[in-house]
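Colleague:
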Amino acid sequence: QGCDPFAQTQRSKLQHRRARINQQINKEMRMRAGAENLFRATSNHKVKETVALELSYVNSNLQLLKEELEELNSSVEVYQNDSESISVPMIPLGLKETKELDLLVPLKDFISEHYGEEGILFEKEIKEFMELRQAMRTPSRNEAGLELLMEYYNQLYFLDSRFFPPTRSLGVFFHWYDSLTGVPSHQRALAFEKGSVLFNIGALHTQIGARQDRAYLPGLNQAIDAFQKAAGAFNYLKENFSNAPSLDMSAASLNMLVRLMVAQVQECVFEKMTLLRTQHDFLSRLQLAQEAARVEDVYSLVHQTMTQAHVKDYVPFSWTTMVHVKSEHFKALSHYFAAIALCDCPAASDAELPEQEKAFIQFHVTMPEGPSLRVLLQDPEERRKLGKAHLKKAIMKHEEAMRIHGLCKILRKMDILQEVLSFAHKRSLSKYSEIDHEEDFFETGDAPDIHPKTLQKPEIKSPNFSQVKVTDLFHKLGPLSVFSAKNKWYPARRVHLRRGENGFGFTLRGDSPVLIAGVIPGGCAAGAGLKEGDYIISVNGKDCRWSKHAEVVQLLKSTGEEGVEIGVITLQGSEGPKASDKKAAAMSSGAGLQKSNKENSRKSLMNSKSASTLLVWSKKSKRSKKSTYSVPFSAVGDNEAMY
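Residues in the sequence shown are numbered from 1 upward in steps of one, following the UniProt record's numbering.
1. Nearest to I450 by alpha carbon, out of A341, E532, R374, F483?
2. Compute every distance between the C-beta of L508 and the non-hydrogen atoms of the ligand MG, then say whether any falls below 7 angstroms.
3. For the alpha helix (DSSP H) containing H398, name the first residue and the last one.
4. Rounded to whole angstroms, what's the CA-CA distance from F164 to A226? Just pull it up for me.
5. Can at least three beta-carbon pairs, one atom from the stretch 304–312 and one from the stretch 256–269, be found at a separation below 8 angstroms?
6. Let's see if you can read the secondary structure: which residues bound the beta strand (DSSP E) around L132?
7. Using the C-alpha atoms, what's the distance from D109 back to L121?
8. On a CA-only basis, which of V470, F474, M150, P92 is nearest P463? Give me that one, please.
9. To the nearest angstrom, how far is the alpha carbon of Y157 from that of K326?
10. In the structure shown, what three-state DSSP assignment does W546 receive?
11. Taking 8 angstroms as the cut-off, decide whether the C-beta atoms of residue 675 and A347 are in contact.
12. Please report the straight-line C-alpha distance between V88 and D446, rounded to a whole angstrom.
13. Whole angstroms is fine: what's the gap from S161's alpha carbon to L477's?
14. Please tell me whether A203 and G94 are closer than 8 angstroms, where the distance is taken between their beta carbons.
15. Provide the residue span of the beta strand (DSSP E) that contains L493, from first to last.
16. Our contact map puts L391 next to K331 with C-beta atoms below 8 angstroms; I'd like the distance itself, whole angstroms only.
17. In this structure, what does DSSP give as the bridge partners for G500?
18. Where G370 and E239 are concerned, what is the direct C-alpha to C-alpha distance, given to the nearest angstrom?
19. Would A492 and G573 be called neighbours here (beta carbons separated by less than 8 angstroms)?
20. When you compare only the Cα positions, how much space is there between G541 and L497?
21. Opposite P184 in the DSSP bridges: which residues?
22. Nearest CA to the CA of V197: which residue from R211, P166, G145, T167?
23. Are F363 and L286 touching if we call contact CB-CB under 8 angstroms?
24. Nearest to G209 by alpha carbon, out of Q222, P458, E381?
25. Judging by CA-CA distance, which residue of A309, D102, V323 is the nearest neighbour of V295?
26. How many angstroms separate the CA atom of H398 from the CA atom of L421?
27. In chain order, what residues of the same chain lie with their CB nearer than 7 angstroms to the CB of G119, ignoring the 5 residues before and after it?
28. So which of L276, L180, F192, F129 has the shortest CA-CA distance to L247?
29. What first and last residue would you give for the beta strand (DSSP E) that runs through V539?
30. Three or more C-beta pairs closer than 8 angstroms, one from the stretch 495–510 and one from the stretch 184–197: is that the case here?
31. Let me make sure I understand the geometry here. Which of Q266, I537, T366 has the alpha-carbon closest to that of P513?
32. Comparing C-alpha positions only, which one of P452, T42, I516, G34 sits nearest to A293?
33. Which whole-angstrom value is the C-beta distance of Q266 and P458, which I expect to be below 8 angstroms?
34. Go through the stretch 206–262 residue by residue and report every complete run of the alpha helix (DSSP H) that reaches 4 residues or more, in order.
35. Can you give the beta carbon distance from F483 to E125, rounded, assuming they're within the 8 angstroms contact cut?
36. With DSSP as the reference, label L515 as helix, strand or coil.
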């Protein structure tokens, strides 16, 4: 179940406001489209003037709504943890909103038309699916919420296979609102539904990551994991979904989101290193400086991506500003820790010198001017001079971060960020005044930048679809290998057979459903009209679509002199198997192939090693022209046997 949509938590209030703004944007856009059409169609000058005035009002309203939504997307403090410890806020994403969807009539009609079953018999399953969809619109902000979204996403695989044939549309529209702009989009393709759910899986991971208490190691590790999984979800979406109708799912937007998540992981790694580095030796502080430089490096890349022409128009200004602030802030921290390493740690002894030289030679992007490395590391005065240069640069960068922060009205309201920037700035100023001597007549040089380096590279974790096991809700329709939307079959036939001297006169093979692999000419089966390639779907009225080979054989053997009534279907396009199929059949009869029909296994589709390949929705791999709807022999589980 989803969380209670009426529970008035701060997060749910935000999501309600988002839904209201989305609906208003939708209404205004429809009004604008109507007014623009009227403006183009009319030749009456007075009407044109009235419509132009109306259009200016509508555009003004849309701009105000867009600004309101941007402020909503900037409410990052709501998603942070409630701990008293001070941490730099992270950027989470709001969930995409969707409209309610009634699938009852379309699915019942498809079941009647395609499967030849009574649609009313599947009302319970259709309603269960619709309830699952309704619940996933309001997932709770924890592991249960993620499992709910994943369960629905996996269930869409079955829905796609059962009800969405490649040649026609089901006539159902999937409506989703853009997470960043609120603009509505709709498509008939189930791929849009899958993509939007996957986007929300990534967005929910960002919210879980942002709420962790990063003052302690367990919280940091959970935040790292959540942001890595968010990056994986957005990356998977980017690689498998093209031609997105909404901006938030465009390749440029997803690329920006992946980079943002990687940067937030890198920031958490830096915080983790500051917690773990309890010893304050020279090398540990150099490592911290390089970790901070690495965070600055990735945030600079995110800032470049956010300010690109086709991205900057819909990314909230507060996000772009915060990323820029963080870039300057971590550059300042890298220079601060470099200064601390040089000024607070004792000069290198002869024993320590080789190791410190090795670390320091790779520390700066360009080597600092002045004495040799050996002199620099062993002379306290030279160390102080270089440390002072690093502190000077740190203070400049702290001030730049605070200046950029002050330009954004929304960030100015964020006390936590203001506090973090102010604390770091005062700490650098305090250190500078501590090492600044009155008799210093030398001009402080320009410290070279620090070479970025990390001990823990962020990992983009693709979604693990197999972690949530689901059962096909429409399992009663039969095994997917045969009873799917892409297959067509002739109407079911009922055949009455009596056992002759040589049995029924056919060979059977496989499980779920059992296949008639061969028919003996002149035998009872041939006389009754059974053909090679027919599937047995019932024996004496008992449904056998999911029956094992041995179960069907037992039913046939238990018949008396009155004979047996067998229900069979023939797939269209499988009449008269090709020579290659017969060869495969011969191989299977001799070898007794291992049972491995994943699609037909009710237990779980997701045990498959390639679960993700079953869930890919992009139509990049087209069906081979040579493929037929003949029996998938590789999925057969038993030797042929004559009956």
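Note that CB positions come from ideal geometry on N, CA and C, so glycine has one too.
Modeller: Quick look at the numbers:
1. Residue numbering aside, residue 450 sits at position 450 when the sequence shown is read from its first letter. Among A341, E532, R374, F483, the Cα nearest to that of I450 belongs to A341.
2. In terms of ligand content, the structure shown is empty, and the ligand MG therefore cannot be addressed.
3. As a first step, residue 398 must be located in the sequence shown, where it is residue number 398. Residues 380–406.
4. Indexing the sequence shown from 1 puts residue 164 at position 164. Indexing the sequence shown from 1 puts residue 226 at position 226. Linking F164 to A226 through their CA atoms gives a straight-line distance of about 33 angstroms.
5. The answer is yes - the stretch 256–269 touches the stretch 304–312, with three or more Cβ pairs under 8 angstroms.
6. Translated into the one-based positions of the sequence shown, residue 132 becomes position 132. Where L132 is concerned, there is no enclosing beta strand (DSSP E), although the alpha helix (DSSP H) it sits in stretches over 123–136.
7. By 1-based counting over the sequence shown, the position of residue 121 is 121. By 1-based counting over the sequence shown, the position of residue 109 is 109. Linking L121 to D109 through their CA atoms gives a straight-line distance of about 12 angstroms.
8. Numbered from 1 along the sequence shown, position 463 holds the residue referred to as residue 463. The shortest C-alpha separation from P463 is found at M150.
9. Residue numbering aside, residue 157 sits at position 157 when the sequence shown is read from its first letter. Residue numbering aside, residue 326 sits at position 326 when the sequence shown is read from its first letter. Answer to the nearest angstrom: the Cα atoms are 41 angstroms apart.
10. Start at 1 with the first residue of the sequence shown, and residue 546 comes out as number 546. Of the three classes helix, strand and coil, the one that applies to W546 here is coil, per DSSP.
11. This structure cannot speak to residue 675, because the chain is shown only from 1 to 643.
12. The residue labelled residue 88 in the question sits at position 88 within the sequence shown. The residue labelled residue 446 in the question sits at position 446 within the sequence shown. In a straight line, the C-alpha of V88 is about 28 angstroms away from that of D446.
13. Here the question's residue 161 lines up with position 161 in the sequence shown. Here the question's residue 477 lines up with position 477 in the sequence shown. Spanning the two alpha carbons is a distance of roughly 12 angstroms.
14. Your numbering for residue 203 matches position 203 in the sequence shown. Your numbering for residue 94 matches position 94 in the sequence shown. With respect to G94, A203 sits close: the two C-beta atoms are nearer than 8 angstroms.
15. Against the sequence shown, residue 493 aligns to sequence position 493. The question names Leu, but residue 493 in the sequence shown is Arg. 493–497 is the extent of the beta strand (DSSP E) around R493.
16. Here residue 391 corresponds to residue number 391 of the sequence shown, with the count starting at 1. Here residue 331 corresponds to residue number 331 of the sequence shown, with the count starting at 1. The Cβ separation is near 13 angstroms, so there is no contact.
17. As a first step, residue 500 is located in the sequence shown; it is residue number 500 there, counting from the start. Within the DSSP secondary-structure output, G500 pairs in a beta bridge with G503.
18. For the purposes of this step, residue 370 is identified with residue 370 of the sequence shown, where counting begins at 1. For the purposes of this step, residue 239 is identified with residue 239 of the sequence shown, where counting begins at 1. So the two alpha carbons sit approximately 50 angstroms from each other.
19. Start at 1 with the first residue of the sequence shown, and residue 492 comes out as number 492. Start at 1 with the first residue of the sequence shown, and residue 573 comes out as number 573. G573 sits away from A492, with the two beta carbons spaced by 8 angstroms or more.
20. Translated into positions along the sequence shown, residue 541 becomes position 541. Translated into positions along the sequence shown, residue 497 becomes position 497. Near 14 angstroms, if we compare the C-alpha coordinates of L497 and G541.
21. Along the sequence shown, one-based indexing puts residue 184 at 184. DSSP lists Y177 as partners of P184.
22. Looking up residue 197 in the sequence shown gives position 197. Nearest option by C-alpha distance: G145.
23. One-based indexing of the sequence shown puts residue 363 at position 363. One-based indexing of the sequence shown puts residue 286 at position 286. Yes, the pair counts as a contact, with Cβ atoms nearer than the cut-off.
24. Here residue 209 corresponds to residue number 209 of the sequence shown, with the count starting at 1. The residue with the shortest Cα to Cα distance from G209 is Q222.
25. Stepping through the sequence shown from its first residue, residue 295 is reached at position 295. Scanning A309, D102, V323 for the CA closest to the CA of V295 turns up V323.
26. Here the question's residue 398 lines up with position 398 in the sequence shown. Here the question's residue 421 lines up with position 421 in the sequence shown. Rounded to the nearest whole angstrom, the CA to CA distance from H398 to L421 is 7 angstroms.
27. Translated into the one-based positions of the sequence shown, residue 119 becomes position 119. Counting only Cβ-Cβ distances below 7 angstroms, and skipping sequence neighbours, we find K108, D109, I111, S112.
28. Position 247 of the sequence shown, counted from the start, is the residue given in the question as residue 247. For L247, the nearest C-alpha among the options comes from L180.
29. Against the sequence shown, residue 539 aligns to sequence position 539. Bounds of the beta strand (DSSP E) holding V539 are 535–539.
30. With a cut-off of 8 angstroms, the stretch 184–197 and the stretch 495–510 do not count as touching, because too few Cβ pairs lie within range.
31. Working through the sequence shown from its first residue, we reach residue 513 at position 513. Minimum Cα distance to P513 is reached at I537.
32. Looking up residue 293 in the sequence shown gives position 293. It is P452 whose Cα lies nearest to the Cα of A293.
33. Within the sequence shown, numbered from 1, the residue matching residue 266 stands at position 266. Within the sequence shown, numbered from 1, the residue matching residue 458 stands at position 458. Confirmed, about 6 angstroms.
34. Listed in chain order, the complete alpha helix (DSSP H) runs (minimum 4 residues) inside the stretch 206–262 are 217–240.
35. Walking along the sequence shown from the start, residue 483 turns up at place 483. Walking along the sequence shown from the start, residue 125 turns up at place 125. Actually they are not in contact, since the Cβ atoms of F483 and E125 sit about 14 angstroms apart, beyond 8 angstroms.
36. Counting from one through the sequence shown, the residue named residue 515 turns up at place 515. Three-state DSSP puts L515 in a strand.
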